[in-house]
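In what follows, a single structure is set out as structure tokens and then discussed.
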Amino acid sequence: MHDLTIFVQSLKQQRVKINLKTNEVIHGTVQSTDNQQNIYLIDAIIDDNEVDKVLVRGSSVQSIQSLQQLDKVLQKCASKVL
Numbered sequence: 183m184h185d186l187t188i189f190v191q192s193l194k195q196q197r198v199k200i201n202l203k204t205n206e207v208i209h210g211t212v213q214s215t216d217n218q219q220n221i222y223l224i225d226a227i228i229d230d231n232e233v234d235k236v237l238v239r240g241s242s243v244q245s246i247q248s249l250q251q252l253d254k255v256l257q258k259c260a261s262k263v264l
């Protein structure tokens, strides 16, 4: 969790998938973060419901994936298979 703030700042304005420790998933665009490692998302989707803004508590985050980075990884895997 120590590097979460730096990681999130580098993902600013990117779409991300956040896995919570409660087995819930949130998709959204990273707007900002704070020194408590909380993440502020805009245009978020929670359980197929769209919300304008959401605050994700840093302590509840299990993992974060950048959807753009994920796309690149999948494209590399696909090109290797082909």
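Using this note's numbering, the letters of the sequence shown correspond one by one to residues 183 to 264.
We put the CB at the ideal spot given by N, CA and C, even for glycine.
Every value quoted in this text rests on a predicted model; they were computed, and no experiment measured them.
Best match in the options for proximity to residue i [C-alpha to C-alpha]
| i | options | result |
| --- | --- | --- |
| glycine 210 | Gln219, Gln218, Ile227, Leu202 | Ile227 |
Proximity below 8 Å, CB of residue i to CB of residue j
| i | j | result |
| --- | --- | --- |
| tyrosine 222 | lysine 203 | no |
| glutamine 191 | glutamine 250 | no |
| phenylalanine 189 | isoleucine 246 | yes |
Through-space distance from residue j to residue i, alpha-carbon basis
| i | j | result |
| --- | --- | --- |
| glutamate 206 | asparagine 217 | 23 Å |
| leucine 237 | valine 212 | 10 Å |
| glutamine 257 | arginine 239 | 31 Å |
| histidine 184 | glutamine 219 | Confidence in histidine 184 is poor, its pLDDT being 47 and thus under 50, which makes the residue's placement unreliable; the coordinate value appears in the next sentence. For histidine 184 and glutamine 219, the distance between alpha carbons rounds to 9 Å. |
| valine 233 | isoleucine 200 | 15 Å |
| leucine 193 | asparagine 231 | 23 Å |
Min CB distance residue i to chain D below 8 Å
| i | result |
| --- | --- |
| glutamate 232 | Of the protein chains in this structure there is only one, and it is not chain D. |
For residue i, three-class secondary structure by DSSP
| i | result |
| --- | --- |
| leucine 193 | coil |
| histidine 254 | Histidine is not the amino acid found at residue 254; the sequence shown has lysine there. Here lysine 254 sits in helix by DSSP. |
Assumed close pair residue i, residue j - CB separation to whole angstroms, cut-off 8 Å
| i | j | result |
| --- | --- | --- |
| serine 248 | valine 198 | 5 Å |
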